[in-house]
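Protein chains in written order, with our numbering: chain A, 55 to 335; chain B, 28 to 336.
For reference, the structure discussed in these notes is given below.
Put into structure tokens, the structure is as follows:
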């Protein structure tokens, strides 16, 4: 019971600290902007730990953070293998193929008006569908290994990427296009020097949306069949064995991989679209 | 009108091309299975030995056995079912089956839909509440908002199997675990979109309200909330699609017996490809209807509010 009381104290303390920070003179500095969510996160984890210990929550319902951390540290080789199988082989290769294919398709769609009129509504429609549902079919076609996961990822990232890139390629204004015309620029010159750079913010928006979709696709596809490794496989089998600490360890890996992947794309975006108002801030 | 007409034809042409391509793809995809069946039925197949056929390319087999092409569209368990097979299966499992039947697609669709909607309502409600809190409290903005944004980059759907099993071990099963997954998948997009929307009034408008000496709650009800509507609807559409995915994935890990996800899983266990495809199309139609419905409500509401273009 003491631990539970202690958890409440920690909550009040964390909240008090953050409200002091938020209403203090340094509220808009970068340090506070980083510190406040950090304190919040730490508070949550500490409370989680205290409540699980204090209330004696069973391991098969919610393991304490410390138990998860120990499990994480002890099974690094397994987690690394799963990471390579699911993220690097499945999600990453599918992401590259899918985004590249969508990019090429977008150029074609942008070039021929007929395709834009016909394909874009279909693409918009498909982008909203539950595409993970294609996973069982693709697993059946491409086998249990990572190829089928990459295929699911390709299908998942294709349409959001297509829609965004097409929107981006239409971003250059009529005035700018006319200017290129007066320079007697060819289609490809004006494409490379005007329209592609102008499209970059949109393209990166699509790329960023796709990072999460890629991970979702790769993990969910493993629920439909996989070799005996991979994050989705480990999650579903560990759930079956009620070893929830392992499940949480995999979720930590998924969270880290997701943020790192997104962060990487956002960093590249910053370098490529340094001229855009949203990046100059 | 002329433009709309042109767009209509363009879409129709693209769809027709897809269907033609689909039929064409069925031939090489299914040819090996078909030839094995035909050989058993006593037909002359080139080359006659199954081993040679396994090593040959699909296209070579099609060229050598053009008589078998029609059969690739009529197989019982094809690798790729032809469009009309899927259509027939969908017709049989929706119109010709009683709704209460375990084989009715409407029954399975309803199981998934009810979980989706329950989860969506819960997730959206909590999401809007949190967004209001974030906009009004500097502490929450600083401490919670970054996590809401980070959560968008994480495949939180990976939690789904665990939620099902944990809730099951506490004694909760049925619609609730699936709704929980749907709820948390729709929660974060709504929070992020709604915060953006509630912050969308510019300084000029906020100043105007101040000159009226409007209170905080008046400012909220008369300016911030109406201004957030376009953002809300955009994130609702994302949220409902995410909810549906959540409900479907929530049916996978426990081997649920009902629902579109269960149909997908059962189909993949027993190689019932036609069943997988029809479940997939049912899910697609469901998603399209839900998003379309929200789009309709959006247009009506924004028009009433004088915000539609």
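Where a beta carbon is used, it is the ideal one built from N, C-alpha and C, also for glycine.
On a predicted model such as this, the values are computed, not experimentally measured, just so you know.
| Check | Outcome |
| --- | --- |
| Would you kindly work out how many angstroms separate the C-alpha atoms of residue 262 of chain B and residue 178 of chain B, rounded to a whole number? | 15 Å |
| Are there three or more Cβ pairs, one per stretch, closer than 8 Å when the stretch 229 to 248 of chain B is compared with the stretch 140 to 155 of chain B? | no |
| In angstroms with no decimal places, state the Cα-to-Cα distance between residue 209 of chain A and residue 305 of chain B. | 18 Å |
| Using the beta-carbon of each residue, which ones in chain A are nearer than 9 Å to residue 189 of chain B? | 289, 292, 293, 298, 301, 302, 305 |
| Between residue 191 of chain A and chain B, is the shortest Cβ-Cβ distance under 7 Å, so that the two count as touching? | yes |
| Report the three-state DSSP secondary structure of residue 118 of chain A (helix, strand or coil). | coil |
| Which bits of chain A does residue 393 of chain B rub up against, with CB to CB less than 9 Å? | Not covered by the structure: residue 393 of chain B. The range shown for chain B is 28 to 336. |
| Could you list which residues in chain A have their beta carbon closer than 9 Å to that of residue 154 of chain B, in chain order? | Under the 9 Å cutoff, chain A gives no residues; its nearest Cβ is about 17 Å from residue 154 of chain B. |
| Short check: CB of residue 330 of chain A to CB of residue 255 of chain A, under 7 Å? | yes |
| Please report the straight-line C-alpha distance between residue 256 of chain B and residue 329 of chain B, rounded to a whole angstrom. | 8 Å |
| By the 7 Å beta-carbon criterion, what residues does the stretch 228 to 258 of chain A contribute toward chain B? | none |
| Could you tell me whether the Cβ of residue 149 of chain A comes closer than 7 Å to any Cβ of chain B? | no |
| Could you tell me the distance, in whole angstroms, from the CA atom of residue 198 of chain B to the CA atom of residue 43 of chain B? | 50 Å |
| Can you tell which of A:282, A:326, A:315, A:278 has its C-alpha closest to the C-alpha of residue 297 of chain B? | A:278 |
| Would you say residue 94 of chain A lies against chain B (beta-carbon separation less than 7 Å)? | yes |
| Between the C-alpha atoms of residue 295 of chain B and residue 290 of chain A, what's the straight-line distance to the nearest angstrom? | 17 Å |
| Which bits of chain A does residue 33 of chain B rub up against, with CB to CB less than 7 Å? | 171 |
| Is the CB of residue 90 of chain A under 7 Å away from at least one CB in chain B? | yes |
| Taking the C-alpha atoms as reference points, what is the distance between residue 244 of chain A and residue 119 of chain A? | 55 Å |
| Return helix, strand or coil for residue 281 of chain A, following the three-state DSSP convention. | coil |
| Give the residues from the stretch 185 to 215 of chain B that approach chain A closer than 9 Å (Cβ to any Cβ), ordered along the chain. | 185, 186, 187, 188, 189, 191, 192, 193, 196, 197 |
| When the cut-off is 7 Å and only beta carbons count, does residue 161 of chain B lie next to chain A? | no |
| What's the call for residue 142 of chain A, buried or exposed, on a 16-neighbour Cβ count within 10 Å? | exposed |
| Are the stretch 162 to 179 of chain B and the stretch 267 to 287 of chain B in contact at 8 Å, needing three or more beta carbon pairs? | no |
| State yes or no: is the beta carbon of residue 142 of chain A nearer than 7 Å to at least one beta carbon in chain B? | no |
| Establish whether the CB of residue 313 of chain A and some CB of chain B are separated by less than 7 Å. | yes |
| What residues from chain B crowd round residue 194 of chain A, counting only those whose CB sits closer than 9 Å? | 106, 295, 298, 300, 303 |
| Could you tell me if residue 215 of chain B is buried or exposed, where buried requires 16 or more neighbouring beta carbons within 10 angstroms of its beta carbon? | buried |
| Given residue 60 of chain A, which residues of its chain have a CB within under 6 Å of its CB, disregarding the five upstream and five downstream residues? | 104 |
| At the 7 Å Cβ level, is residue 314 of chain B part of the contact set with chain A, yes or no? | yes |
| Let me check understanding here. Comparing Cα to Cα, which of B:324, B:311, B:327, B:333 lies closest to residue 178 of chain A? | B:311 |
| Please list the residues of the stretch 214 to 240 of chain B that have a C-beta atom closer than 9 Å to any C-beta atom in chain A, keeping them in chain order. | none |
| Under the three-state reduction of DSSP, which class applies to residue 278 of chain B: helix, strand or coil? | coil |
| Can you name, in chain order, every residue of its own chain whose Cβ lies under 8 Å from the Cβ of residue 233 of chain B, other than the five neighbours on each side? | 246, 250 |
| Given residue 108 of chain B, which residues of its chain have a CB within under 7 Å of its CB, disregarding the five upstream and five downstream residues? | 300, 301, 304 |
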